[in-house]
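Undergrad: Quick one: this structure, given as structure tokens, is what I'll be asking you about.
2 protein chains.
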Amino acid sequence: MSKGEVVLLDCWASPFCMRAKIALEEKGVQHERREENLFGGKSELLLKSNPIHQQVPVLLHNGKPISESTIVVGYIDEVWSSSTPLLPTCPYERAQARFWADFIDKKVFEAGREILTSEGEAKEVAKKDFIEILKQLEGALGDKSFYGGDASGFVDIIAIGLTSWFVAYEKFGGFKVEDQCPKFSAWMKRCMQRETVAKVLPDPEKIYEFVITLRKMRGIE
Amino acid sequence: MSKGEVVLLDCWASPFCMRAKIALEEKGVQHERREENLFGGKSELLLKSNPIHQQVPVLLHNGKPISESTIVVGYIDEVWSSSTPLLPTCPYERAQARFWADFIDKKVFEAGREILTSEGEAKEVAKKDFIEILKQLEGALGDKSFYGGDASGFVDIIAIGLTSWFVAYEKFGGFKVEDQCPKFSAWMKRCMQRETVAKVLPDPEKIYEFVITLRKMRGIE
């Protein structure tokens, strides 16, 4: 439903931008996406809209900027509240959802980066840490279909974009998420069957190529 | 008002626990505090209630645990919603409050720790970084009395507990917050005039002594 102009300052490879895009798709919000040039400096609009962190995603709703992806998803949930609630209504369950969203925010991408940027013994440690984090997430999922229960919800949206980087972690780390965390892997597949997710997430092989480019640029290879 | 049993797993020196305590005071929630023994190992109840992070604060509401201080404050606001709202009602203003709470979470305590644990040139950098963070926070306050506007709110509660460590930062860093950030300093004083804050925050000199003990234990001194 229309509640005015919605513009997303975006970057195709950012798992954090994917969160905002999936949330907008889930809510059926018409929006314009403006791709930031990853290698050509940040746009004036981005610097003006998010002067503190200077990072995508930024959601501009009728010109007013909202930053930090988890906060953006919460905002979308509150503004377009009449369709597909993302957070549960019970305060205790909301707090649990926020807890796991926060856990994911603090752990997953950082642990993945360690796999991509370390070598030798340090890479083994990074891999072990990453798998341990996924096992904790698998534990939180339990026997549910989604973190949101029978339906995909807030935590599912926070987590799923990050999995588009997993092929890169697997190839650089020499392991398979499916072997280590079969239930988490099954959850990934369930999410990918959702149109709102499938149309947003890029091909993981494209992310892998992107990581190779990044590593070359940073002189790791 | 009573909504069942409320127990807080607490530690007197933790600025994160102070958030939960101030929020409970603001809402007038009767509660029991159980002090964790800082140097004697963590309680079974803490390990069971927060197995992922094993950190205070944990709010046990009718036996159900809520962890991570910012989430705890949000939970308290939602459950005891009829008195003194902490977050604004407008989704955009809520997102802004969450943004600054997140900024504070990510930056302030970590930057302060750097002052306490570094020496020489590194300490000068740490001090500069810390003051820069406070200046950003001062900018966010603008000419308002509180982050919540005319009344203390969510961001004020998230931030004020951390200031009980500022005397320690000042003494180890050789600077004065008041000289660098007079408006932020005036905000600190306004908060301390609130009974809900004054009765929760410990004497900063006691925190300073505690930091000296911690440094000795960790062999920094």
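Chains as they are written, first to last, in UniProt numbering: chain A, 1 to 221; chain B, 1 to 221. We put the CB at the ideal spot given by N, CA and C, even for glycine. Quick caveat, the model's predicted, so the values are computed rather than measured.
Mapping DSSP to helix, strand and coil, what is residue 9 of chain A?
TA: strand
Undergrad: If you measure between the beta carbons of residue 38 of chain A and residue 20 of chain A, is that distance less than 8 Å?
TA: no
Undergrad: Give a yes or no on contact between the region 43-58 of chain A and the region 74-93 of chain A, applying the rule of three or more CB pairs nearer than 8 Å.
TA: The region 43-58 of chain A, when compared against the region 74-93 of chain A, does not touch it at the 8 Å Cβ threshold.
Undergrad: Considering only DSSP beta bridges, list what residue 66 of chain B is partnered with.
TA: B/59
Undergrad: Do you know how far the Cα of residue 5 of chain B is from the Cα of residue 204 of chain B?
TA: 31 Å
Undergrad: Could you give the residue range of the alpha helix (DSSP H) that holds residue 209 of chain A?
TA: 204-217
Undergrad: Which whole-angstrom value is the C-beta distance of residue 35 of chain B and residue 196 of chain B, which I expect to be below 8 Å?
TA: 20 Å between Cβ atoms; not a contact.
Undergrad: Enumerate in chain order the residues of its own chain whose CB-to-CB distance from residue 185 of chain B is below 8 Å, with the five nearest sequence positions on each side excluded.
TA: Excluding its 5 nearest sequence neighbours in each direction, residue 185 of chain B has C-beta neighbours in its own chain below 8 Å: 177 and 178, listed in chain order.
Undergrad: Mind reading off the beta-carbon distance from residue 57 of chain B to residue 43 of chain B? Whole number of angstroms is fine, and I expect it under 8 Å.
TA: Between residue 43 of chain B and residue 57 of chain B the Cβ distance is about 13 Å, and since that is not below 8 Å, they are no contact.
Undergrad: Tell me, please, which residues DSSP counts as bridged to residue 32 of chain B.
TA: DSSP, once it has assigned bridges, lists B/7 as partnering residue 32 of chain B.
Undergrad: Alpha carbon to alpha carbon, how far is residue 64 of chain A from residue 45 of chain A?
TA: 12 Å
Undergrad: Counting C-beta neighbours from all protein chains within 10 Å, is the total for residue 119 of chain A 16 or more, i.e. buried, or is it exposed?
TA: exposed
Undergrad: Do you know how far the Cα of residue 124 of chain A is from the Cα of residue 218 of chain A?
TA: If I take the Cα positions, the gap works out to 21 Å.
Undergrad: If you measure from the beta carbon of residue 158 of chain A to each beta carbon in chain B, is any gap under 8 Å?
TA: no
Undergrad: Residue 149 of chain B bridges to which residues according to DSSP?
TA: B/146
Undergrad: What residues of chain B sit near residue 64 of chain A, judged by a beta carbon separation below 8 Å?
TA: 92
Undergrad: At what residues does the alpha helix (DSSP H) containing residue 91 of chain A begin and finish?
TA: It spans 91-117 - the alpha helix (DSSP H) in which residue 91 of chain A sits, taken as one unbroken run.
Undergrad: Less than 8 Å between the beta carbons of residue 153 of chain A and residue 87 of chain A, yes or no?
TA: yes
Undergrad: Who are the neighbours of residue 68 of chain B on chain A, taking C-beta pairs under 9 Å?
TA: 95, 98, 99, 102 and 103
Undergrad: What does the alpha-carbon distance come out to for the pair residue 222 of chain B and residue 67 of chain A?
TA: Residue numbering for chain B in the displayed model covers 1 to 221; residue 222 of chain B lies beyond these limits and cannot be assessed.
Undergrad: In or out: residue 81 of chain B buried (at least 16 other Cβ within 10 Å) or exposed?
TA: A residue is called buried once 16 or more other Cβ atoms fall within 10 Å of its Cβ, and residue 81 of chain B, having fewer, is exposed.
Undergrad: Please report the distance separating the alpha-carbon of residue 200 of chain A from that of residue 22 of chain A.
TA: Residue 200 of chain A and residue 22 of chain A have their alpha carbons spaced roughly 6 Å apart.
Undergrad: Cα separation between residue 140 of chain A and residue 148 of chain A?
TA: C-alpha separation (whole angstroms): 11 Å.
Undergrad: Look up residue 41 of chain B in the DSSP assignment and say whether it is helix, strand or coil.
TA: Note: residue 41 of chain B maps to coil in three-state DSSP.
Undergrad: Does the separation of the CB atoms of residue 164 of chain A and residue 212 of chain A fall below 8 Å?
TA: no
Undergrad: By a C-beta neighbour count over all protein chains shown, 10 Å radius and 16 as the cutoff for buried, is residue 59 of chain B buried or exposed?
TA: buried
Undergrad: Less than 8 Å between CB atoms is the rule here; does residue 71 of chain B satisfy it with respect to chain A?
TA: Yes, contact with chain A.
Undergrad: Once you ignore the five residues that flank residue 111 of chain A on each side, which residues in its own chain have a CB closer than 6 Å to its CB?
TA: 129, 130 and 133
Undergrad: Residue 138 of chain A touches chain B at which residues, Cβ-Cβ below 9 Å?
TA: By Cβ distance, chain B contributes nothing, its closest Cβ being about 13 Å from residue 138 of chain A, past 9 Å.
Undergrad: If you draw a straight line from the alpha carbon of residue 74 of chain A to that of residue 216 of chain B, how long is it in whole angstroms?
TA: 43 Å
Undergrad: Taking the beta carbon of residue 15 of chain B as the centre, do at least 16 other beta carbons fall within 10 Å, making it buried, or is it exposed?
TA: Counting of Cβ neighbours within 10 angstroms places residue 15 of chain B among the buried residues, the total reaching 16 or more.
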